[in-house]
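Read through the structure below, which is laid out as structure tokens, and then see the notes.
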Amino acid sequence: MSHCILVIEDNSLNLELVTDLLEAAGCIVCQARTAEEGLRLARNAKFDLVLMDLSLPGMDGLAATKVLKSDPLTLHLPVIAVTAHAMRGDHDTALRAGCDGYLTKPIDTKTFVAQVFQFFPGSNSPPSK
Ligand code: MN
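The sequence shown runs contiguously to residue 238 in the working numbering.
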């Protein structure tokens, strides 16, 4: 069965790149360009995972993650932060906000899909640090 992934990203180039990579790997991708749109979609459709850009117009990705993780409808959804903020402190901040994992931009097109897949529930791969 295909994995359904919600990608919340305001940068069009990043959004298209991530979408292309995941679709090439057989995933079904749903796109949102704002946190507000992403939250609406997450409540109304069934996804297996959320890729969350942390820097978004309006509500940011950390605030959106906190909303997802406080809503019984969505708290089970793995949320993976994807951000250019490669500082160590930002990693900790993302995990404290409830993110289940953390990937940094620019993404590595050769390893990105494998990195995402390790976060699916039931994956045998250990989560990255
Ligand atoms: Mn952004």
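Note that CB positions come from ideal geometry on N, CA and C, so glycine has one too.
Legend entry - C-alpha distance - Gly167 paired with Asp119, whole-angstrom precision: Approximately 11 Å between the Cα atoms of the pair.
Inset, instruction - Look at the alpha carbon of Thr174 and the alpha carbon of Cys208, and state the distance between them as a whole number of angstroms. - result: Those two C-alpha atoms are separated by around 7 Å.
Legend entry - Pairwise C-alpha distance: Leu130 and Ser164: Each residue's Cα considered, the two are about 21 Å apart.
Inset, instruction - List the residues that DSSP assigns as beta-bridge partners of Thr192. - result: Bridge partners of Thr192 according to DSSP: Thr213.
Legend entry - Contact set for Pro230: own chain, Cβ-Cβ below 8 Å, skip 5 residues either direction: Excluding positions up to five away in sequence, the list reads Asp157 and Pro187.
Inset, instruction - Express the C-alpha separation of Ile189 and Phe228 in angstroms, rounding to a whole number. - result: Near 8 Å, if we compare the C-alpha coordinates of Ile189 and Phe228.
Inset, instruction - Below 7 Å CB to CB, which residues in the same chain sit around Glu146 once its five sequence neighbours on both sides are set aside? - result: Taken in chain order, the list of residues that qualify is empty.
Inset, instruction - Note down the Cα distance separating Gly210 from Arg142, rounded to an integer number of angstroms. - result: Near 20 Å, if we compare the C-alpha coordinates of Arg142 and Gly210.
Inset, instruction - Counting only runs of 3+ residues fully inside the region 127-215, write out the beta strand (DSSP E) ranges in chain order. - result: For the region 127-215, the continuous beta strand (DSSP E) assignments of 3+ residues that do not extend past its boundaries occur at 137-141, 158-162, 188-192 and 210-213, in sequence order.
Legend entry - Pair within 8 Å by beta-carbon distance, Asp180 and Ala144: Their beta carbons are not under 8 Å apart, which means Asp180 does not touch Ala144 by this criterion.
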